[in-house]
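Per the numbering used here, residue 1 is the first one in the sequence shown, and the count goes up by one each step. C-beta atoms are modelled at their ideal positions from N, C-alpha and C, and glycine is treated no differently. Here's the structure, in structure tokens; my notes come after.
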Amino acid sequence: MQRAWTLDEIDWQHFDASKVSPEVIKVIKTAAMVERNGADYGRYLCNVFQDDAEFCAVATSWAVEEEQHGMALGRWAQLADPTFDFDASFARFTDMYRIPVDATASVRGSRIGELCARCVVETGTSSLYSAIRDAVDEPVLKQICKNIAADEFRHFKLFFSHMERYAGSATEPFSKWERLRVAITRFKEADDDEIASAYHAGNAVTEPYDRAVANSNYGQRVFGFYHQRHVRRAGYMFAQAAGLAPEGWASKLLTKVLWLIIWFRGRKFRPQLARA
Ligand SMILES: [Fe+2]
Ligand SMILES: [Fe+2]
């Protein structure tokens with residue numbers, strides 16, 4: 001997998017502080033933490049797929065790209081907030097949250113399940129960076145999010161193709177219901193400690209860590225970027241990952257419910273974040 005862009009290709013000199021909102025900075029600091037942790041996730045994936053050299057090579061390149069997303073977002077956050085100590089924040093985050101790098105089997109119970117969960121994550125990230133790209137006026141952040149969104153869509157296709165390969169080989173029994181269960185479980189984990197810790201550490205929150213509070217603070221802001229079109233595309237991709245017909249009634253219903261949740265959770269900041 002060829003890296004499509006580098007940090008040197010970003011037009012950092014075009015950064016415009018007058019077009020930066022404090023609410024956007026909070027979201028970007030959070031995303032920078034999670035993305036920069038990609039190297040650990042790459043190691044975990046290589047352990048889980050240790051007898052699949054082809055996939056291990058793909059996962060290693062993927063992790064490099066995810067880490068680059070983190071470095072780009074972190075560098076932008078340092079421009080937007082010169083008091084932001086990216087390295088110290090990231091160290092705080094990894095103290096709070098660690099990926100099980102030593103696991104030799106997927107926490108999803110199977111390798112198809114692991115690939116399905118990765119597809120769900122890439123669905124979330126591709127929609128997130130598309131929504132931010134469309135919402136912000138600051139030119140450097142717009143460029144970074146455009147690049148990252150393109151990577152995340154490509155990552156989805158990559159994990160999806162490997163999931164189909166495993167599903168076709170029938171070496172691991174994996175029912176339609178199991179695939180749906182894994183996809184929904186991974187979706188619900190968006191509210192677990194990973195993002196909450198990233199918000200807390202990335203934004204140097206001084207109060208004691210509270211997962212619910214951190215998730216609420218992050219969700220209120222991040223969902224404010226979304227328009228319905230971003231959710232429609234995410235719903236379509238989620239349905240593909242979950243093994244549902246993307247144009248079927250279940251997928252359409254799910255997309256509607258998803259939009260209602262995102263609309264509701266993002267209602268406070270949407271007027272100032274989401275632009276046409
Ligand atoms: Fe990423
Ligand atoms: Fe990705």
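Every residue whose beta carbon comes nearer than 6 Å to a heavy atom of ligand 1 appears here in chain order: E35, E66, H69, T125, I148 and E152. G109 places its beta carbon 8 Å or farther from that of L180.
If you check the C-beta of E189 against ligand 2, you find no heavy atom less than 7 Å away. Taken through DSSP and simplified to helix, strand or coil, V205 comes out as coil. By alpha-carbon distance to S127, the top candidate from T206, Q50 and C145 is C145.
Taking a cut-off of 8 Å for Cβ pairs, the region 59-78 and the region 37-45 touch, as three or more such pairs fall below it.
One Cα belongs to L79, the other to H69, and the distance between them is close to 16 Å. Residue environment for K176: exposed (fewer than 16 other C-beta atoms within 10 angstroms of its C-beta). DSSP places W249 inside the alpha helix (DSSP H), whose first and last residues are W249 to R265. For the 8 Å CB-CB criterion, W76 and I28 form a contact. The beta carbon of R265 lies closer than 7 Å to those of G219, Q220 and F223 in the same chain, with the five residues before and after it left out. If you compare the alpha carbons of A204, A149 and C116 with that of M33, the shortest gap goes to A204.
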